[in-house]
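Some notes on the structure that comes next.
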Amino acid sequence: MIKERRITRDDLPEDLVVEILSRIPVVSLVRLRATSKAWNVLIKDGRVAKKQYDNNEPRRPRHSLIIMLIAFRVYLVNVDLHQVYNNKVKIISQFSLKDPTYNSLKEVDICNIFHCDGLLLCTTKYSRLVVWNPCSGETKLIKPSRFYESDIYALGKSSCNKYKVLRINQDYFTSRSVLVECEIYDFTSNSWRVVGKTSRWFIRDSKGCGTSVNGNTYWLANSSKDTNRDFLLGFDFSTERFTSVSLPGDHRLYDRLIALSVTREDQKLCMLAIQARWPTIGDVWIATKIESSTGTASWAKFLSLDLIGKPVSFISVINFLLDKKDKVLVCRGKHRASTYFLYVVGEDNKCIQVDHHDPKSTCLLVVNYVPTLVQINQSL
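In full-length UniProt numbering, the protein residues as written are 1 to 380.
Okay, structure coming up:
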């Protein structure tokens, strides 16, 4: 008589396990990581996330999930790109960040956020830094080496998926004399170290929110020699070096570089610029390729916008979301007098304004939020 042997989860082929796990919601997968070391490895190395993306491609919803910082709180917002002109932006939920230093239910006031791969680097009201995974609720508190209100922070990762925090401090001596000091927080050593100083460039306060693409960060910066002209500055978290990224075509055609973002579909860097010869025209460019070590970039013009009749707060846009398939641009202006916080612009240049939920609150748009399975305290 043949004795039957029970099949356990360890007997299942790896490809089948990946297929099964890919059909489980991300929030549930976060809880499953602790039940099996083998499953945790598959989830951690990205195979499950890639399979989830491939499975969802044919039925991927035509809407974008964005994160907005409203009145010191983080909200998950849905923008339906199928109904762009009838769209009412819908707040799906509020993410709640509890104070990680105390065992309390008190929420932390968040002054600024930086988004990278589904993780948020939060600057709190009391000068603290918190890396936060809103999906799992996991946090990591980082003590700043020093803290100034003008500090600029960015979260990024190296080519081997080691996450780091970059701090940029700018000391203004005169309008043309700035000393920039840069530090890196290394998660492996839990310590800060200086990576360099420069007086050749600086980042204006209004453009301090960088854009993360493939683990590296980009800003619109100014040269100390020519403070009236912007250039594109990149930081490679693998080499820990800054580079000047080449601009599209003859960059002298552009009077102002307005904002940076990433495309919703394939996470490509994109830029909105105002033409110098025709200041009523704004061009949207997409970087098809960037060599992070040299700063060499290839660009393709994606869209031109007629700015005549657009609100002042739209023209002074601070960041935006770009959908390539629908040719839709969603942005948030920085003009304080505006009673709106979102503008949705289509290829035909029609622009709708979405009502502000609280006219006294400040608002920050973060593009294309996708829940992540990264475990902060173990994987970073």
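In this text, a Cβ means the ideal position worked out from N, Cα and C, and glycines have one as well.
Since the structure is predicted, the reported quantities are computational estimates derived from the model, not experimental observations.
- Annotation for Ile281: the continuous beta strand (DSSP E) segment containing it runs Ile281 to Ile290.
- Straight-line measurement puts the Cα of Phe235 at about 8 Å from the Cα of Ser292.
- Spatial neighbours of Ser304 in its own chain (CB-CB distance under 8 Å, excluding positions within 5 residues in sequence) are listed in chain order as Ile281, Gly282, Asp283 and Val284.
- Here Ala71 carries a coil assignment [DSSP, helix/strand/coil].
- Judged by DSSP secondary structure, Leu21 falls outside any beta strand (DSSP E) and instead within the alpha helix (DSSP H) spanning Glu14 to Leu21.
- The Cβ atoms of Cys182 and Phe95 do not sit closer than 9 Å to each other.
- By the CB criterion at 9 Å, Tyr218 and Val245 fall inside the cutoff.
- The C-beta distance from Gly215 to Val374 rounds to 12 Å, too long to meet the 8 Å contact threshold.
- Counting along the chain, the unbroken beta strand (DSSP E) around Arg193 starts and ends at Ser191 to Thr198.
- Apart from sequence neighbours up to five positions away, the residues of its chain that approach Ile168 with a beta-carbon distance below 6 Å are Ile152 and Cys182, ordered along the chain.
- Nearest to Glu240 by C-alpha distance, out of Ile70, Gly156, Asp323 and Asn222, is Gly156.
- Around the beta carbon of Ala38, a 10 Å sphere encloses fewer than 16 other beta carbons of the protein chains shown; the residue is thus reported as exposed.
- DSSP places Asp306 in the uninterrupted beta strand (DSSP E) bounded by Ala297 to Asp306.
- Take Asn112, set aside five residues on each side of it, and the residues of its chain with a beta-carbon closer than 6 Å to its own are Thr123, in chain order.
- Lys37 sits in a helix when the DSSP states are folded into three classes.
- Counting only the Cα atoms, Lys125 lies some 12 Å from Phe147.
- DSSP places Ile24 in the coil class of the three-state scheme, outside both helix and strand.
- When Val165, Cys160, Pro134 and Arg229 are compared, the shortest CA-CA separation from Ile142 is found for Val165.
- In this structure, the CA atom of Tyr369 is about 20 Å from the CA atom of Lys162.
- Rounded to the nearest whole angstrom, the CA to CA distance from Lys327 to Leu307 is 16 Å.
- Inter-residue distance for Val330 and Lys90 is about 14 Å (C-alpha atoms, whole angstroms).
- With respect to Ile376, Glu107 sits apart: the two C-beta atoms are not nearer than 9 Å.
- The alpha-carbon separation between Cys209 and Leu121 amounts to approximately 12 Å.
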